[in-house]
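Residue numbers (UniProt numbering): 1 to 587.
Cβ atoms here follow ideal geometry from the backbone N, Cα and C, with glycine treated the same way.
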């Protein structure tokens with residue numbers, strides 16, 4: 001005797017207490033007896049969703065499918081269900097895939113509600129039958145969509161209400177519920193600590209340095225959580241917490257894990273951080289994860305971390321401390337040269353490089369950088385145009401999905417129906433990708449709009465030495481971190497060119513006259529003396545120190561060349577390129 005299996009899915013245990021379970025089991029038994037089948041087993045999913053396909057992924061239905069695949073359930077058996085919506089309420093593509101996977105395995109599907117018996121052969125012989133199944137599955141999905149939207153509307157109403165009256169006494173550590181339990185109030189000293197955390201992070205300090213700073217001053221910044229000291233994970237949690245800008249995200253527990261329930265509720269909590277500052281912190285987090293910024297030591301010694309690069313090989317310029325003066329010095333040097341990876345450029349004393357750079361900052365008009373370069377303006381315009389194109393594609397794709405969905409219900413050919421369903425899925429994937437691209441464009445536009453120096457930036461950089469006078473080591477570190485962050489906002493990169501050498505035969509033609517004049521004052525007047533000098537390490541160092549230079553590329557597209565050996569002369573990049581070609585034969 002052929003075998004029959006019944007599948008029952010109920011939304012909740014409540015239905016088990018009524019007559020529904022007995023009625024469905026009895027109906028399955030009667031059908032099997034009347035049609036010559038032996039009812040072997042009952043598969044039951046209680047409280048498992050068919051809308052999201054959970055029953056086919058981890059429920060009893062998934063066990064049935066596994067038994068079919070393994071051969072435990074033989075071909076020509078039947079699966080008895082009350083109606084197709086008991087089997088699936090998924091989107092039509094997924095629903096059809098599940099439906100065909102069963103009948104293509106040689107298992108028939110019987111729906112008691114409309115007395116249909118689906119097999120591969122029956123659908124091939126009567127294409128109208130697939131039309132019936134598609135309509136049934138589409139209706140099941142639409143009902144679930146409607147229910148989902150209805151629940152969302154209920155939740156929206158609830159969220160609208162909680163924007164008026166808090167639904168929970170649990171609040172961020174810098175807030176407390178008022179006595180009448182109708183609003184939250186700010187705990188000022190805690191809020192100031194949170195604001196300090198954001199200021200330090202945007203000012204250039206990392207999470208580790210901020211944590212260390214807070215723990216060094218617990219009198220002014222006591223922990224706002226239950227712990228006795230600050231820890232990195234909690235500081236990081238604060239920086240990511242949208243409650244700082246007033247947003248509340250309800251959560252629920254799902255399989256023991258907290259997951260968002262509904263959308264975020266804006267203006268639920270009192271706002272203590274501006275949207276601009278919060279967004280800036282999130283962008284910095286993303287950037288620091290990408291570039292791999294690390295700890296900056298106890299003094300934040302290197303202002304040019306992640307800014308300076310070797311002009312010869314493109315490697316990162318790193319900071320190395322070789323002891324305290326006068327015997328030791330700190331240096332900037334190419335990492336590839338330091339590790340022997342093909343670059344031979346020498347080091348540059350750090351204090352000389354920093355002093356030269358600060359002189360550049362003190363001499364140029366930073367207000368010039370407030371006006372966007374043509375290159376940056378064109379880039380922003382291009383981004384906005386791309387965003388508009390993507391939005392237009394999204395609108396067009398959504399319209400296409402609507403039309404395809406309408407046509408799907410009219411198709412009687414199962415192959416055509418499956419093709420259309422696949423097109424719907426592909427179009428939705430394109431929409432998702434376009435929306436992701438738009439988010440990335442918006443982040444880039446935000447960054448571009450926040451790279452111009454403010455009056456505060458001008459003041460900080462112009463009065464660098466004055467601001468450092470009389471500070472404690474901890475204050476100096478925080479200020480240098482702030483300066484570094486400002487430089488990161490203003491500057492795209494600094495390209496360092498050094499390691500200049502000259503062949504003895506080229507000494508009269510290539511050595512700059514001003515250097516020859518200096519050397520003449522030191523007694524080097526004869527050609528032979530000069531040739532021997534520039535073959536020695538001392539002579540090579542003298543030439544390099546005179547010729548070495550660096551190019552500062554500001555984010556607005558402006559370039560500045562600094563040639564410290566010429567007294568800090570600044571020239572345009574085009575003039576530098578021309579001189580390099582004429583003198584050294586390279587661009």
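Which of helix, strand or coil DSSP assigns to residue i
{"i": "residue 525", "result": "coil"}
{"i": "residue 179", "result": "coil"}
{"i": "residue 4", "result": "strand"}
{"i": "residue 278", "result": "helix"}
{"i": "residue 9", "result": "strand"}
{"i": "residue 42", "result": "strand"}
{"i": "residue 538", "result": "helix"}
{"i": "residue 324", "result": "coil"}
{"i": "residue 252", "result": "strand"}
{"i": "residue 185", "result": "strand"}
{"i": "residue 86", "result": "helix"}
{"i": "residue 308", "result": "strand"}
{"i": "residue 511", "result": "coil"}
{"i": "residue 461", "result": "helix"}
{"i": "residue 63", "result": "helix"}
{"i": "residue 471", "result": "coil"}
{"i": "residue 331", "result": "strand"}
{"i": "residue 318", "result": "strand"}
{"i": "residue 268", "result": "coil"}
{"i": "residue 134", "result": "helix"}
{"i": "residue 533", "result": "helix"}
{"i": "residue 154", "result": "In this prediction, residue 154 has a pLDDT of 48, which is less than 50 and means its spatial position is unreliable; what the coordinates show is noted afterwards. Residue 154: helix per DSSP, three-state reduction."}
Span of the beta strand (DSSP E) around residue i
{"i": "residue 495", "result": "491-497"}
{"i": "residue 116", "result": "116-118"}
{"i": "residue 549", "result": "549-554"}
{"i": "residue 228", "result": "Counting along the chain, residue 228 falls outside any beta strand (DSSP E), and DSSP gives it neither H nor E."}
{"i": "residue 561", "result": "559-563"}
{"i": "residue 111", "result": "108-111"}
{"i": "residue 80", "result": "78-81"}
Whole-angstrom distance between residue j and residue i, CA atom to CA atom
{"i": "residue 342", "j": "residue 203", "result": "36 angstroms"}
{"i": "residue 268", "j": "residue 423", "result": "41 angstroms"}
{"i": "residue 283", "j": "residue 484", "result": "16 angstroms"}
{"i": "residue 546", "j": "residue 189", "result": "54 angstroms"}
{"i": "residue 476", "j": "residue 385", "result": "44 angstroms"}
{"i": "residue 344", "j": "residue 334", "result": "9 angstroms"}
{"i": "residue 187", "j": "residue 199", "result": "18 angstroms"}
{"i": "residue 60", "j": "residue 87", "result": "11 angstroms"}
{"i": "residue 243", "j": "residue 438", "result": "25 angstroms"}
{"i": "residue 184", "j": "residue 311", "result": "55 angstroms"}
{"i": "residue 383", "j": "residue 57", "result": "41 angstroms"}
{"i": "residue 151", "j": "residue 261", "result": "Per-residue confidence for residue 151 stands at a pLDDT of 47, beneath the threshold of 50, marking its modelled position as unreliable; the derived number appears in the next sentence. So the alpha carbons of these two residues sit roughly 11 angstroms apart."}
{"i": "residue 362", "j": "residue 461", "result": "7 angstroms"}
{"i": "residue 272", "j": "residue 240", "result": "14 angstroms"}
{"i": "residue 530", "j": "residue 561", "result": "28 angstroms"}
{"i": "residue 173", "j": "residue 224", "result": "6 angstroms"}
Environment of residue i [buried if 16+ CB atoms lie within 10 Å]
{"i": "residue 418", "result": "buried"}
{"i": "residue 7", "result": "buried"}
{"i": "residue 323", "result": "exposed"}
{"i": "residue 517", "result": "exposed"}
{"i": "residue 85", "result": "buried"}
{"i": "residue 389", "result": "exposed"}
{"i": "residue 429", "result": "exposed"}
{"i": "residue 119", "result": "buried"}
{"i": "residue 30", "result": "exposed"}
{"i": "residue 4", "result": "buried"}
{"i": "residue 539", "result": "buried"}
{"i": "residue 45", "result": "buried"}
{"i": "residue 251", "result": "exposed"}
{"i": "residue 480", "result": "buried"}
Limits of the alpha helix (DSSP H) - the one that residue i falls within
{"i": "residue 336", "result": "335-338"}
{"i": "residue 243", "result": "From DSSP, residue 243 is part of no alpha helix (DSSP H); its letter is neither H nor E."}
{"i": "residue 646", "result": "One cannot answer for residue 646 here, as it falls past the ends of the chain, which runs 1 to 587."}
{"i": "residue 258", "result": "Taken as a continuous stretch (DSSP letters only), residue 258 belongs to no alpha helix (DSSP H), being part of the beta strand (DSSP E) at 257-260."}
{"i": "residue 361", "result": "350-363"}
{"i": "residue 210", "result": "207-215"}
Open item on the list: Does the structure place the segment 269-287 close enough to the segment 185-199 that three or more beta carbon pairs sit under 8 angstroms?
Closed with: Yes, since at least three Cβ pairs between the segment 185-199 and the segment 269-287 fall closer than 8 angstroms, the two stretches touch.
Open item on the list: Taking 8 angstroms as the cut-off, does the segment 92-108 touch the segment 65-82 (at least 3 CB pairs, one atom from each stretch)?
Closed with: Under the three-pair Cβ rule at 8 angstroms, the segment 65-82 counts as touching the segment 92-108.
Open item on the list: Counting beta carbon pairs with one atom in the segment 302-319 and one in the segment 522-535, are three or more of them shorter than 8 angstroms?
Closed with: With the cut-off at 8 angstroms, the segment 522-535 and the segment 302-319 do not touch.
Task: the segment 398-409 in contact with the segment 74-83 per 3-pair CB rule at 8 angstroms - done: Between the segment 398-409 and the segment 74-83 there are fewer than three C-beta pairs closer than 8 angstroms, too few to call the two in contact.
Open item on the list: Check whether the segment 548-558 and the segment 477-496 are in contact - that is, three or more C-beta pairs closer than 8 angstroms.
Closed with: Yes: the two stretches touch, three or more of their Cβ pairs being nearer than 8 angstroms.
Open item on the list: Using 8 angstroms as the cut-off, can you tell me whether the segment 205-220 makes contact with the segment 233-244, which would need three or more C-beta pairs spanning the two stretches below that distance?
Closed with: Verdict: yes, contact present.
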